[in-house]
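Under this note's numbering, the first residue of the sequence shown is numbered 19, with each subsequent residue one higher.
Here a beta-carbon is modelled for each residue, glycine too, at the ideal position from N, C-alpha and C.
Written below as structure tokens is the structure these notes are about.
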Amino acid sequence: MQSLKKLYKIGHGPSSSHTMGPGFAATYINQKHPSATHYNVTLFNSLALTGKGHLTDQVILDTFSPKPVRFIQAIDINKHPNYMVFEVFQGDTLLDSISVKSIGGGDILYDKEENEIIDVYQEKTFDEIKAYCTNKKVSLYDYVIEKESGDIQAFLKSIWEQMKKTVEKGLNTEGLLPGDLKVQRKAKTLFSRAKVNETDSQMQNRLVSAYAFAASEENGAGGIIVTAPTCGASGVLPAVLYYLYKDSKIEEKKIIESLAVAGVIGNVIKQNATISGAVGGCQAEVGSACSMTAAAMAYIEGMSLDEIEYAAEIAMEHHLGLTCDPIDGYVQIPCIERNAVAGIRAINAASLAGFLSDTRKISFDMIVNTMYQTGLDMHPKYKETAEAGMAFFYKTKK
Ligand code: SF4
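Structural data, given as structure tokens:
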């Protein structure tokens with residue numbers, strides 16, 4: 019498995035696979051061919067169907083600006099769901115043709131260029147990690163510190179700082195999100211109504227939801243977020259961690275440590291399954307974020323390795339089969355609300371794990387495999403095409 023630095027990325031929303039990945043590819047091509055005069059960019063499958071709402075064309079245009087780009091949309095089910103071909107021209111001469119897959123979480127794989135993949139973790143599954151930690155008598159956090167390079171703590175601190183900034187910016191911003199849906203931002207209202215005549219659990223629900231809306235609305239607006247593990251699911255982990263920090267007064271050191279634990283869970287899913295909605299549906303994005311968050315919370319609450327695993331497993335188990343059907347291709351409906359619901363669900367998963375881990379029968383590795391197979395079996399139109407589910411019924415209602 020690769021470093022957590024490849025999992026958590028700070029960048030612009032609204033989509034890690036549809037905005038960040040194409041942006042990284044365009045930046046690379048820009049540097050490789052400074053003499054280019056114009057480009058043809060063919061976007062395949064999910065990128066063709068939802069690229070507009072996910073700002074794929076915009077990030078490519080901005081990166082190549084002022085050089086002109088001609089976009090071509092194509093469907094080819096034999097190609098990866100997020101496939102792109104960049105044809106680079108100098109005058110009438112075709113300088114290069116570069117094919118790229120955007121595989122989720124902002125990661126890209128070139129067909130013919132060199133891909134830098136450095137595994138800093140030799141363990142591949144959670145069972146292997148658990149065996150390592152048990153044998154060495156170390157926690158998941160210690161495991162990360164042992165495997166990563168010296169600056170990982172500073173890196174995780176910078177990730178936490180950005181998560182706080184994103185939530186706080188979202189809480190202080192009102193108005194409409196960009197795009198035709200005219201979605202009203204709701205984080206500030208949710209937050210301001212959280213203080214009147216509520217029980218502790220109502221208050222927790224409201225505050226976690228407000229923080230998740232805040233981060234996800236920032237993402238929907240193309241603001242700066244942290245992939246956790248993706249842009250679309252970037253509200254879940256910050257929401258719960260911000261709640262624990264701000265309202266439960268958990269010390270920041272512990273919160274930063276929990277990012278390492280959540281990162282291990284995200285990495286196991288990324289390595290053995292997928293974190294891309296176009297490959298596995300929303301269970302791979304918001305389900306993964308919920309698993310990471312449940313594990314982080316369990317760690318903060320001082321739970322054992324088994325209980326942390328169980329929290330992550332419960333969180334994923336109850337997202338199985340979740341489709342990706344963003345209306346009009348915008349990462350807004352159902353995405354923003356879904357992040358809030360997943361935040362609450364992560365808290366429930368951690369709480370259940372604390373009570374029931376002795377009786378469990380399902381391992382985290384098994385649920386990750388189940389999620390992946392379910393995603394592969396899912397009809398392609400339910401995987402980030404905006405052609406089915408809510409996206410279809412909304413369109414037909416208009
Ligand atoms: S429905 Fe889920 S996977 Fe699809 S764009 Fe929204 S958050 Fe991402």
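Check                                                                                                                                                       : Outcome
Taking 8 Å as the cut-off, is the beta-carbon of V349 closer than that to any non-hydrogen atom of the ligand SF4?                                          : yes
Which one of S117, N63, I332 has the shortest CA to CA distance from V106?                                                                                  : S117
Kindly examine the ligand SF4 and report whether one of its heavy atoms sits closer than 8 Å to the Cβ of R356.                                             : yes
Kindly indicate which three-state DSSP category K187 falls into: helix, strand or coil?                                                                     : helix
For G295, which residues in the same chain have their Cβ closer than 7 Å to its Cβ, ignoring the five residues on either side in sequence?                  : G250, A302, E303, C342, K401, E402
Please classify N133 as buried or exposed, where buried requires at least 16 neighbouring CB atoms within 10 angstroms.                                     : exposed
At the level of alpha carbons, what is the spacing between S276 and G253?                                                                                   : 16 Å
Less than 9 Å separating the beta-carbons of I78 and A44?                                                                                                   : yes
Looking at the secondary structure, which residues open and close the beta strand (DSSP E) in which E105 lies?                                              : 101 to 108
Take K288 and list the residues in its own chain whose beta-carbon comes closer than 7 Å to its own, dropping the five residues that flank it on each side. : L25, G123, P247
Bridge partners of V87, per DSSP?                                                                                                                           : Y57
Would you say P352 touches the ligand SF4, meaning its beta carbon is less than 8 Å from a heavy atom?                                                      : yes
Among residues of its own chain, excluding the 5 on either side of I121, which ones have a beta-carbon nearer than 8 Å to its beta-carbon?                  : S35, G39, H98, N100, L127, T292, S294, V297
Please list the terminal residues of the continuous beta strand (DSSP E) segment that includes V279.                                                        : No beta strand (DSSP E) contains V279, which is instead part of the alpha helix (DSSP H) from 270 to 290.
For K415, count neighbouring Cβ atoms within 10 angstroms of its own Cβ and tell me buried if that reaches 16, exposed if not.                              : exposed
Tell me the rounded alpha-carbon separation between K70 and D125.                                                                                           : 20 Å
Would you kindly work out how many angstroms separate the C-alpha atoms of C308 and R356, rounded to a whole number?                                        : 10 Å
Kindly say whether I47, judged by its beta-carbon, lies nearer than 9 Å to any beta-carbon of chain D.                                                      : The displayed structure is made up of one protein chain only, and chain D is not part of it.
Using a Cβ-based criterion (distance less than 8 Å to any ligand heavy atom), does D129 qualify as near the ligand SF4?                                     : no
Any idea which residues DSSP pairs H30 with across the strands?                                                                                             : I242
Please report how far the alpha carbon of L323 lies from the alpha carbon of S375, in whole angstroms.                                                      : 10 Å
Just checking P196 against the ligand SF4 - is the residue's beta carbon closer than 8 Å to any of the ligand's heavy atoms?                                : no
What ranges does the alpha helix (DSSP H) occupy inside the region 163 to 230, keeping only unbroken runs of at least 4 residues that lie completely in it? : 170 to 189, 205 to 210
Mark H397 as exposed unless 16 or more other C-beta atoms lie within 10 angstroms of its C-beta, in which case mark it buried.                              : exposed
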